[in-house]
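*Asks:* This structure is in structure tokens; I'll ask about it shortly.
Protein chains: 2
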Amino acid sequence: MVNCLKFDREQVVANATTLFWARGFKGCSMRDVQQVVNLRPGSLYASFGNKENLYREALLHYAAAGLASLRALEQQLDCPLAVLRQFMCQALANSLTGQPDKVCMLVKTVTELGAEQHPLASLARELLQQMAAQFTRLLAQAKQAGLMAADTDAAALASFYQMQLIGLKSVARLQPDPAMLDLLLQQALAILPAEKVH
Amino acid sequence: MVNCLKFDREQVVANATTLFWARGFKGCSMRDVQQVVNLRPGSLYASFGNKENLYREALLHYAAAGLASLRALEQQLDCPLAVLRQFMCQALANSLTGQPDKVCMLVKTVTELGAEQHPLASLARELLQQMAAQFTRLLAQAKQAGLMAADTDAAALASFYQMQLIGLKSVARLQPDPAMLDLLLQQALAILPAEKVH
DNA sequence: GTTGATATTGAACGACTGTTCAATATATAT
DNA sequence: ATATATATTGAACAGTCGTTCAATATCAAC
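So the sequences go chain by chain: A and B. The numbering of the first sequence is our numbering, which starts it at -4 and goes up by one. The numbering of the second sequence is our numbering, which starts it at -4 and goes up by one.
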């Protein structure tokens, strides 16, 4: 067995993700990618096959990072509702600080490629549902802990939460006025059942 | 003065709008446009200059249609809050029936071209703010009519309303389950101050 | 050091992009 | 009918796209 790889595959995917995230699938040429990952076409194609596969890996990388940051919050915070609240705050903060256009990459992919029923859009949709499933799980936990009414539909509330998140990030890109956005965040959070005082 | 135009300029813009809306700026070649409007490149370029200008006209056409449908609702309904509510219902209904990917074209444009600070993205942002201004106006009317608390911030509520609209349409594209979407719509509408019984 | 397998290179391919323009057709004015 | 101004046509341009591949460099094994 021989291994002559000079580059860190994961780092390449990470860099490609940043670029694809900012500029989209069609807005980003393979030459752009080659430059940002400092690789010649042959190496890139030997490792990833083609542009679509590379973007697929970028999507998976992005989604994994999202799940990881949610898990991190779960380990820091006891209350599942606090986890959701903090996740939303974090998302907005990233939208504000991030230099590029920091809408969720999954949403952006569905927006760009959904109409032509591109396989990458299907994948992005699946990953978004995966995220929503995590929200559902947290809300079910909250229900079991008596933090929410027993007849609450956890899945429906999770979808609603995701809708708030998507809407908030979109508006954040339209008018990056921190004061206004904070107000919107508060209004959105007000929908979630409040945490019990302790 | 001589006029040899064989085509209806407005109809051309309308058809181009549909195509651009579905497939985006980069996802749509001028040859695609030429085919759908049944015009050869020379005519198209003589009338519109270039792709960017044509897309610009499409954006304006789209935004004008949105404002027109809002005005239509205003003439049908007395209560300004009912207008907003109906507008949202209508938006969701269009998302469900529309064959292509019926996210708001303005949002889609900002999503696609916002990161590279493209002039078309700036225009789309302006048009979205124009729409938000209409919402603000309606909410201010509602306030004056005593339908809402006097200390309500109409502009902030309008932004929040727009956020709900964007989120709802995005989720509608992710999981086109009418029952779930109707539930989300109801939750979103619950945020708006209720109309007085009459 | 030589060998054999694998990785990297960069020029090149054909297809497609937005756009142009000389040739042609059309409509009005006289 | 002729002349003139304007509109339409479609072939063609230069640039970019995703992708390939023979030539070259690099590695581990003996």
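Backbone N, C-alpha and C fix where the C-beta goes; we use that ideal spot for every residue, glycine too.
Go ahead and pull the three-state DSSP assignment for isoleucine 186 of chain A.
*Replies:* Within the first sequence, residue 186 of chain A is the residue found at index 191, counting from 1. Looking at isoleucine 186 of chain A - three-state DSSP - the assignment turns out to be coil, as it is neither helix nor strand.
*Asks:* Ends of the alpha helix (DSSP H) at serine 42 of chain A?
*Replies:* Taking the first residue of the first sequence as position 1, residue 42 of chain A is located at position 47. Counting along the chain, the alpha helix (DSSP H) containing serine 42 of chain A begins and ends at 36 to 43.
*Asks:* What's the C-alpha gap between alanine 145 of chain B and lysine 138 of chain B?
*Replies:* As a working mapping, residue 145 of chain B is identified with position 150 in the second sequence. As a working mapping, residue 138 of chain B is identified with position 143 in the second sequence. Roughly 6 Å separates the two Cα atoms.
*Asks:* Taking only beta-carbon positions, decide if methionine 100 of chain B is within less than 8 Å of chain A.
*Replies:* Reading the second sequence from its first residue, position 105 is the one you call residue 100 of chain B. Not an interface residue.
*Asks:* Any beta carbon from chain B within less than 8 Å of proline 173 of chain A's own beta carbon?
*Replies:* As a working mapping, residue 173 of chain A is identified with position 178 in the first sequence. No, because no Cβ of chain B sits closer than 8 Å to the Cβ of proline 173 of chain A.
*Asks:* I'd like the list of long-range same chain contacts for serine 165 of chain B, defined as Cβ closer than 7 Å, with 5 residues on each side in sequence excluded.
*Replies:* Position 170 of the second sequence, counted from the start, is the residue given in the question as residue 165 of chain B. Val98, listed in sequence order.
*Asks:* May I have the straight-line CA-CA distance separating leucine 65 of chain A from phenylalanine 82 of chain A, to the nearest angstrom?
*Replies:* The count along the first sequence starts at 1 and reaches residue 65 of chain A at position 70. The count along the first sequence starts at 1 and reaches residue 82 of chain A at position 87. Spanning the two alpha carbons is a distance of roughly 7 Å.
*Asks:* Starting from proline 114 of chain B, trace the alpha helix (DSSP H) both ways and give me its first and last residue.
*Replies:* As a working note, residue 114 of chain B is residue 119 in the second sequence. Counting along the chain, the alpha helix (DSSP H) containing proline 114 of chain B begins and ends at 114 to 139.
*Asks:* Please return the same chain residues whose Cβ sits closer than 7 Å to the Cβ of lysine 46 of chain B, not counting the five positions on each side in sequence.
*Replies:* Sequence index remark: in the second sequence, residue 46 of chain B carries index 51 (1-based). The answer, listed in chain order, is Met25.
*Asks:* To the nearest angstrom, how far is the alpha carbon of leucine 180 of chain A from that of leucine 163 of chain A?
*Replies:* Residue 180 of chain A sits at position 185 when you count from the first residue of the first sequence. Residue 163 of chain A sits at position 168 when you count from the first residue of the first sequence. Using only the alpha carbons, I get a separation of about 7 Å.
*Asks:* Determine, using beta carbons only, whether leucine 123 of chain A and leucine 108 of chain A come nearer to each other than 8 Å.
*Replies:* Within the first sequence, the letter at position 128 stands for residue 123 of chain A. Within the first sequence, the letter at position 113 stands for residue 108 of chain A. For leucine 123 of chain A and leucine 108 of chain A, no; Cβs fall outside 8 Å.
*Asks:* Nearest CA to the CA of leucine 54 of chain B: which residue from B:Gln6, B:Ala17, B:Leu187, B:Leu118?
*Replies:* In the second sequence, the residue the question calls residue 54 of chain B occupies position 59. Among B:Gln6, B:Ala17, B:Leu187, B:Leu118, the Cα nearest to that of leucine 54 of chain B belongs to B:Leu118.
*Asks:* For a contact defined as C-beta to C-beta under 8 Å, what are the partners of asparagine 90 of chain B on chain A?
*Replies:* Here residue 90 of chain B corresponds to residue number 95 of the second sequence, with the count starting at 1. At residue 90 of chain B the sequence reads serine, which differs from the asparagine that was named. By Cβ distance, chain A contributes nothing, its closest Cβ being about 12 Å from serine 90 of chain B, past 8 Å.
*Asks:* Quick check on cysteine 23 of chain A: does DSSP put it in helix, strand or coil?
*Replies:* Counting from one through the first sequence, the residue named residue 23 of chain A turns up at place 28. In this structure, cysteine 23 of chain A counts as coil in the three-state DSSP scheme.
*Asks:* Does the Cβ-Cβ distance between tryptophan 16 of chain B and tyrosine 57 of chain B come in under 8 Å?
*Replies:* Position 21 of the second sequence, counted from the first residue, corresponds to residue 16 of chain B. Position 62 of the second sequence, counted from the first residue, corresponds to residue 57 of chain B. Yes. Within cutoff.
*Asks:* Under 8 Å by Cβ, that's how I've got serine 154 of chain A and methionine 158 of chain B pegged, so tell me the actual separation to the nearest angstrom.
*Replies:* Position 159 of the first sequence, counted from the start, is the residue given in the question as residue 154 of chain A. Position 163 of the second sequence, counted from the start, is the residue given in the question as residue 158 of chain B. With a Cβ gap of about 16 Å, serine 154 of chain A and methionine 158 of chain B do not count as contacting.
*Asks:* For proline 173 of chain B, which of B:Ala140, B:Ala88, B:Ala127 has the nearest alpha-carbon?
*Replies:* Your numbering for residue 173 of chain B matches position 178 in the second sequence. Nearest of B:Ala140, B:Ala88, B:Ala127 to proline 173 of chain B, Cα basis: B:Ala88.
*Asks:* Just how far apart, CA to CA, sit leucine 62 of chain B and alanine 185 of chain B?
*Replies:* On the second sequence, position 67 is the one that residue 62 of chain B refers to. On the second sequence, position 190 is the one that residue 185 of chain B refers to. Taking the straight line from one Cα to the other gives about 24 Å.
*Asks:* Taking the beta carbon of glutamine 112 of chain B as the centre, do at least 16 other beta carbons fall within 10 Å, making it buried, or is it exposed?
*Replies:* Along the second sequence, read from residue 1 onward, the residue named residue 112 of chain B stands at position 117. Looking at its Cβ environment, which holds fewer than 16 other Cβ atoms inside 10 Å, glutamine 112 of chain B is exposed.
*Asks:* Do we get a CB-CB distance below 8 Å when we pair valine 8 of chain A with the residues of chain B?
*Replies:* The residue given as residue 8 of chain A occupies position 13 in the first sequence. No, its Cβ sits nowhere closer than 8 Å to a Cβ of chain B.
*Asks:* Valine 8 of chain A to glutamate 52 of chain A, Cα distance in whole Å?
*Replies:* By one-based count along the first sequence, residue 8 of chain A stands at place 13. By one-based count along the first sequence, residue 52 of chain A stands at place 57. Computed Cα separation, rounded: 7 Å.
*Asks:* Kindly list, in the order they appear in chain A, the residues whose Cβ is closer than 7 Å to that of phenylalanine 155 of chain B.
*Replies:* Your numbering for residue 155 of chain B matches position 160 in the second sequence. Within 7 Å Cβ-Cβ: Leu179, Gln182.
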